[in-house]
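Enquirer: Following the UniProt record's numbering, the numbering of the sequence shown begins with 1 at its first residue and continues without gaps.
Every residue, glycine too, gets a C-beta built ideally from N, C-alpha and C.
First, the structure itself, so that you have it in front of you.
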Amino acid sequence: MRFNTYSFLCSRVVEADPFKAIVLPVSGNSVGIELRKQDVSWKEFLSIANQRPRSNHYSPVYRPIDSTINILFSSGTTGEPKAIPWTQLSPIRCSADGWAHNDIRAGNVYCWPTNLGWVMGPVVLFTCFLNGATLALYHGSPSGRGFGKFIQVIASEEKNDSLETTEFGIANLRSNLANIIQLRKIKTEIK
């Protein structure tokens, strides 16, 4: 029997017993699971939001620095996936780390193959935006020829910048080495 990460993560959310969960589909519009009475699908959430009047003025909501703003999930490389609460301080911290350890600066173009459902997605997003870097987004698998061509475009720009990847991505990078040789640096995360 194949392990279904989506069902596993949904069951963990239900076990945590939140008041309400907004459930995003893996692909298409159907979430593919039965929701609790209080939960809503992403499509339903958007339709509810579109029916409400919109204000031209939004007052900020002040919260303590340790208030949770997001729940991230680890890749589960050390076992089962783990939920990681992110506070308002987390994006500032990861941006400082990205600046200090990964040399992400204003004007850089930065790419790390990931998605927003896992820990590196929000880390890279916040790091780029808070440091003034451009986040290079690619829709598709980083293991195919298309990703190699995408990297070639990044490398051909005047700003020969950074690509970071996991050990998994190295195989594709080797097969597309001519495309990426111009990058300022390539960094890998070795597990």
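In the structure shown, what three-state DSSP assignment does S47 receive?
Expert: Reduced to three states, the DSSP call for S47 is helix.
Enquirer: Which of the three DSSP states is assigned to S41 in this structure?
Expert: Note: S41 maps to strand in three-state DSSP.
Enquirer: So what does DSSP say about F73, is it helix, strand or coil?
Expert: Residue state, collapsed to three classes: strand.
Enquirer: Can you grab the Cα-Cα spacing for the pair V141 / V119, in whole Å?
Expert: In the sequence as presented, Val is not what sits at residue 141; that position holds Ser. Using only the alpha carbons, I get a separation of about 17 angstroms.
Enquirer: Taking all protein chains shown into account, do 16 or more other C-beta atoms lie within 10 angstroms of the C-beta of W42, making it buried, or fewer, making it exposed?
Expert: When all chains shown are included, W42 counts as exposed.
Enquirer: My output table needs one value for V119: the three-state DSSP class, helix, strand or coil.
Expert: Here V119 sits in coil by DSSP.
Enquirer: How about residue 232 and F73: are their beta carbons less than 9 angstroms apart?
Expert: Here the chain has residues from 1 to 191 only, and residue 232 is not among them.
Enquirer: Helix, strand or coil: how does DSSP classify T114 here?
Expert: The answer is coil: DSSP assigns T114 none of H, G, I, E or B.
Enquirer: I'd like to know whether the C-beta atoms of A136 and I104 end up nearer to each other than 9 angstroms.
Expert: Going by C-beta atoms, A136 is not nearer than 9 angstroms to I104.
Enquirer: Report yes if the C-beta distance between N70 and W99 is below 9 angstroms; otherwise report no.
Expert: Not closer than 9 angstroms, so no.
Enquirer: By the three-class DSSP mapping on this structure, what secondary structure does T78 have?
Expert: If DSSP states are grouped into helix, strand and coil, T78 belongs with coil.
Enquirer: Consult DSSP for K191 and reduce its assignment to one of helix, strand or coil.
Expert: With a pLDDT of only 41 at K191, under 50, the local geometry of the prediction cannot be trusted, and no value is derived from it.
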